[in-house]
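Visitor: Okay, here's the structure, questions in a sec.
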Amino acid sequence: MAIGIRFSFLATVFLLICCIQEGFSIKCWVCRSDNDPKCGDPFDNTTTPITDCKQEEELSHLPGVKPTMCRKIRQKVNGEWRYFRSCAYMGEPGIAGDERFCLMRTGTYNIFMEYCTCSSKDGCNLAPYQHGNWLLLLIGLITTVRYIFIV
């Protein structure tokens, strides 16, 4: 009986470890409207592949810094709107952590810029939720309870 409980406990711990995922794997749309008109607003993502930011090259001026968010820049220069979507390496989502708000700036020479960052919306998704691992964990817990209370 003690061997069965020990095995069941170890199996449950193993299944729990399988549920732990390695960090954040944020995925973002990466495009520019000056190269691709589908990158503008409204955004047409049917032909644009989503990019796993973990695979993005390290920036030479930010060694060791990994992207943790997605960024969208909307820029109006001389009356023409331009859109840039990419992985974001620095900052925080939204304004004071609220993704509903974007940073807006107006400059000289008729330039307007809206800078939005996010980490929890479509296109700003975190590591995918893995349903299968939770099922394995549940099976392990049921097995443990069975050995403790029935055997």
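With mature numbering (1 follows the signal peptide of the UniProt record, and there is no 0) applied, the sequence shown corresponds to residues -25 to -1, 1 to 126, in that order. Virtual Cβ for every residue (Gly too), placed ideally from N, Cα, C.
Below 8 angstroms, can you find three or more Cβ-Cβ pairs linking the segment 35 to 42 to the segment 85 to 97?
Guide: A contact is defined here as three or more CB-CB pairs under 8 angstroms, and the segment 35 to 42 fails this definition with respect to the segment 85 to 97.
Visitor: Kindly list the residues whose CB is nearer than 8 angstroms to the CB of Ile25, restricted to its own chain and excluding five residues on each side of it in sequence; keep chain order.
Guide: Start at 1 with the first residue of the sequence shown, and residue 25 comes out as number 50. Taken in chain order, the residues that qualify are Lys2, Cys3, Trp4, Gly98.
Visitor: Taking only three categories from DSSP, how would you classify Arg75?
Guide: Numbered from 1 along the sequence shown, position 100 holds the residue referred to as residue 75. If DSSP states are grouped into helix, strand and coil, Arg75 belongs with coil.
Visitor: Residues in the same chain with beta-carbon distance under 6 angstroms from Gly69, minus the five sequence neighbours each way, listed in chain order, please.
Guide: Translated into positions along the sequence shown, residue 69 becomes position 94. Cβ neighbours of Gly69 beyond the five flanking positions: Phe76.
Visitor: Counting along the chain, where does the beta strand (DSSP E) carrying Ser94 start and finish?
Guide: Residue 94 sits at position 119 when you count from the first residue of the sequence shown. Taken as a continuous stretch (DSSP letters only), Ser94 belongs to no beta strand (DSSP E), as it is neither H nor E.
Visitor: Looking only at DSSP bridge pairs, what is Met44 linked to?
Guide: Here residue 44 is taken as the residue at index 69 of the sequence shown, counted from 1. Met44 is bridged to Ala63.
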